[in-house]
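If you read the protein sequences in the order shown, they are chains A and B. For the record, in the first sequence the residue sitting at position 1 is 1 according to the working numbering, with numbers rising by one throughout. For the record, in the second sequence the residue sitting at position 115 is 115 according to the working numbering, with numbers rising by one throughout. By construction, the Cβ of each residue, glycine as well, lies at the ideal position given by its N, Cα and C atoms. I have placed the structure first, in the form of structure tokens, so that the comments after it can refer back to it.
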Amino acid sequence: MKPANFEYFRATSIDHACELLSAHADDAKILAGGQSLIAAMNYRLARPQVLIDISNIDNPSQITDETDGVRIKATTTQAIAEHDPVVRERLPMLVDALEHIAHFQIRNKGTVGGSIVNADPASELPAMSLLLDAEYEIQSKSNRHVMAAEDFFITYMTTALQSDEVLVSILFKEPPKNCGWALHEVARRAGDYALVGSAAIIALDDGGKCVHVRVVLFGVASTPVRAKAVEELLVGQVCSDELFEEAAKRVSEVVDAESDVHVTDEYRGNVAEVLTVRSLVDALNRAQTAS
Amino acid sequence: MVDKQKIHLTVNGTAYDREIEPRTLLSDFIRHHLDLTGTHVGCEHGICGSCTILMDGLPVRSCLTFALQAEGKAIETIESLDKNGELSPLQNAFWENQGLQCGFCTPGILMSMKAFLEDNPKPARDEIREALSGNLCRCTGYHDIVDSVVAAAEAALSSGTAKA
């Protein structure tokens, strides 16, 4: 099908986009890479009256090396982030996640911020935001504030972003040095959204005890979820496969998926547990090699 | 009724100025407004890859791009590959290795592989398969397509140029 008609505005800056949004807030959508929005519009699942295009705004210093992490402007394409030397050096787990997004043709246009604001619960970048304690810089015509990723995702495709607000940049925090990480997904085809995804980070102290751990699942609930009950069992412990298997049983506390055309809820729960064990085992291996 | 908007862009080296409805997809703009029907439209939601074109040198889905987003950009389509009817080395490799049957998906595959081989002139077969995963072919089973890409890479290397 073809999209319904709309009014089109090409924003020249984020400030300009905020002004346009404040004038059209109730009817307008921001268009960035459009790799989800235009597909939804082609199906007429989305029929915005007004599109404000931020895909061509002048965007110097898209990626900045900051003390506690890497800041990526929201309009940075996924491909630019994926190949950026600073991202590859400091956030290799983010590169791994980016490579899982669809195909390279999609990543050439899809943006880091667009994927986050779209908030598909099975997508990678919202999950990586929880894994890396990300902070979102948000702007409207009259206001600018920072929100933790943890507070951002409300339910399916729904975020705390107000109708007159734009996501400007994302600060992905660098986890402790010498940490290990892993990301595992089950999808029906290469490039598809994950039916279930799991990511983990583990950092060890000199005695081999776990001092920092993050476990995040995606595709298993209405938002990406941090499995804090799993993490709690691991902090301060010397990790082992047996401990991981015991801890991973606790993913059932956050798995809240309904059966769909692809798989049953029971399948999702089982796979979430298995992938969590795999992520933890691989993250531990990487952490032991690194330290 | 939404007003038409002006667009200026370059397609295969030729500059065009047109007035279009904002909802015009780049794929439809290329096919219906410029009559360049080599770019094919399959699924119209970014999955099949038939409509892949190059925008400022990067392969993107023209069905997931509004034409207005291509303002000022340089677009390359399948029609840019041959030179006066002489196939490019990439096209020739597909011809020689039967890298197509019905040919519907071929324009998208060639544009994807043109960019892929420029980035990665000596790809392993696994890398080629991964790179092809964003283009669906319902005829061939992909074996001959992979062979074609291997042959194109070898031809480009042996002729001393990475240009596909």
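C-beta contact flag for residue i and residue j at 7 Å
{"i": "A/A11", "j": "A/I38", "result": "no"}
{"i": "A/H100", "j": "A/L195", "result": "no"}
{"i": "A/V86", "j": "A/V70", "result": "yes"}
{"i": "A/H145", "j": "A/I138", "result": "yes"}
{"i": "B/E79", "j": "B/L36", "result": "yes"}
{"i": "A/S169", "j": "A/K73", "result": "yes"}
{"i": "A/L280", "j": "A/F244", "result": "yes"}
{"i": "A/V220", "j": "A/A200", "result": "no"}
{"i": "B/R104", "j": "B/H40", "result": "The residue you asked about is not Arg; residue 104 of chain B is Phe in the sequence shown. Yes, the pair counts as a contact, with Cβ atoms nearer than the cut-off."}
{"i": "A/H184", "j": "A/R278", "result": "yes"}
{"i": "A/V112", "j": "A/A79", "result": "no"}
{"i": "A/N5", "j": "B/R23", "result": "yes"}
{"i": "B/L9", "j": "A/Q35", "result": "no"}
{"i": "A/A149", "j": "A/L130", "result": "yes"}
{"i": "B/P121", "j": "B/G38", "result": "no"}
{"i": "A/A97", "j": "A/I202", "result": "no"}
{"i": "B/V2", "j": "A/E124", "result": "no"}
{"i": "B/D144", "j": "B/G85", "result": "no"}
{"i": "B/A74", "j": "B/I20", "result": "no"}
{"i": "B/P89", "j": "B/A153", "result": "no"}
Where the beta strand (DSSP E) containing residue i begins and where it ends
{"i": "A/K73", "result": "69-73"}
{"i": "A/F218", "result": "210-218"}
{"i": "B/L9", "result": "5-11"}
{"i": "A/A28", "result": "28-31"}
{"i": "B/M55", "result": "52-55"}
{"i": "A/S169", "result": "166-173"}
{"i": "B/A155", "result": "Looking at the DSSP string, B/A155 is not in any beta strand (DSSP E); the run it does join, the alpha helix (DSSP H), is 143-158."}
{"i": "A/V146", "result": "144-148"}
{"i": "A/D53", "result": "50-53"}
{"i": "A/H184", "result": "180-186"}
{"i": "B/I20", "result": "14-20"}
{"i": "A/A4", "result": "Where A/A4 is concerned, there is no enclosing beta strand (DSSP E), given that its DSSP letter is neither H nor E."}
{"i": "A/F153", "result": "153-155"}
Terminal residues of the alpha helix (DSSP H) in which residue i lies
{"i": "B/E59", "result": "For the record, residue 59 of chain B in the displayed sequence is Pro; it is not Glu. That residue, B/P59, is in no alpha helix (DSSP H); its beta strand (DSSP E) goes 58-61."}
{"i": "A/T289", "result": "265-290"}
{"i": "A/F244", "result": "241-248"}
{"i": "A/M128", "result": "124-131"}
{"i": "A/Q139", "result": "Not the alpha helix (DSSP H): A/Q139 falls in the beta strand (DSSP E), residues 135-139."}
{"i": "B/D119", "result": "106-119"}
{"i": "A/V196", "result": "Unbroken run through A/V196 is the beta strand (DSSP E), 196-204; no alpha helix (DSSP H)."}
{"i": "A/G114", "result": "112-118"}
{"i": "A/D65", "result": "Looking at the DSSP string, A/D65 is not in any alpha helix (DSSP H); the run it does join, the beta strand (DSSP E), is 63-66."}
{"i": "A/E231", "result": "228-234"}
Whole-angstrom C-beta distance between residue j and residue i, which should lie under 8 Å
{"i": "B/I109", "j": "B/S62", "result": "Actually they are not in contact, since the Cβ atoms of B/I109 and B/S62 sit about 14 Å apart, beyond 8 Å."}
{"i": "A/P224", "j": "A/A134", "result": "Actually they are not in contact, since the Cβ atoms of A/P224 and A/A134 sit about 11 Å apart, beyond 8 Å."}
{"i": "A/S33", "j": "A/K109", "result": "The sequence given here places Gly at residue 33 of chain A; Ser does not occur at that position. Indeed, because the Cβ distance is near 4 Å, the residues count as touching under 8 Å."}
{"i": "B/S133", "j": "A/G191", "result": "6 Å"}
{"i": "A/K2", "j": "A/N42", "result": "7 Å"}
{"i": "A/A248", "j": "A/T276", "result": "4 Å"}
{"i": "B/V60", "j": "A/Q105", "result": "6 Å"}
Residue i to residue j span [Cα, whole Å]
{"i": "B/E96", "j": "B/S148", "result": "8 Å"}
{"i": "B/I53", "j": "A/S13", "result": "27 Å"}
{"i": "B/E71", "j": "A/F9", "result": "12 Å"}
{"i": "A/S163", "j": "B/V146", "result": "47 Å"}
{"i": "A/A102", "j": "A/L204", "result": "33 Å"}
{"i": "B/E127", "j": "A/E174", "result": "29 Å"}
{"i": "B/L157", "j": "B/M113", "result": "15 Å"}
{"i": "A/V95", "j": "B/A151", "result": "30 Å"}
{"i": "A/D26", "j": "A/D120", "result": "22 Å"}
{"i": "A/V251", "j": "A/S198", "result": "10 Å"}
{"i": "B/E76", "j": "B/I7", "result": "17 Å"}
{"i": "A/A229", "j": "A/E253", "result": "8 Å"}
{"i": "A/L45", "j": "A/V238", "result": "50 Å"}
{"i": "B/G49", "j": "A/T76", "result": "22 Å"}
{"i": "B/L34", "j": "B/A15", "result": "11 Å"}
{"i": "A/E273", "j": "A/Y156", "result": "22 Å"}
{"i": "B/T140", "j": "B/C102", "result": "9 Å"}
{"i": "A/A182", "j": "A/A287", "result": "10 Å"}
{"i": "A/K141", "j": "A/H16", "result": "9 Å"}
{"i": "B/S159", "j": "B/N92", "result": "14 Å"}
{"i": "B/Y142", "j": "A/A122", "result": "28 Å"}
Quick one: which residues of the region 11-25 of chain B get their C-beta closer than 8 Å to a C-beta of chain A? List them in chain order. Here the close residues are E21, P22, R23, L25.
Give me the subset of the region 49-82 of chain B whose CB atoms are less than 9 Å from a CB atom of chain A, sorted by chain position. Those residues of the region 49-82 of chain B that come within reach of chain A (Cβ to Cβ, closer than 9 Å) are G49, T52, M55, L58, P59, V60, R61, C63, L64, T65, F66, L68, Q69, E71, G72, K73.
Going along the chain, which residues of the region 137-162 of chain B sit with their C-beta nearer than 8 Å to a C-beta in chain A? From the region 137-162 of chain B, no residue has a Cβ closer than 8 Å to chain A.
Could you list the residues in the region 100-115 of chain A with a C-beta less than 8 Å from some C-beta on chain B, going in chain order? Residues A102, H103, F104, Q105, I106, N108, K109.
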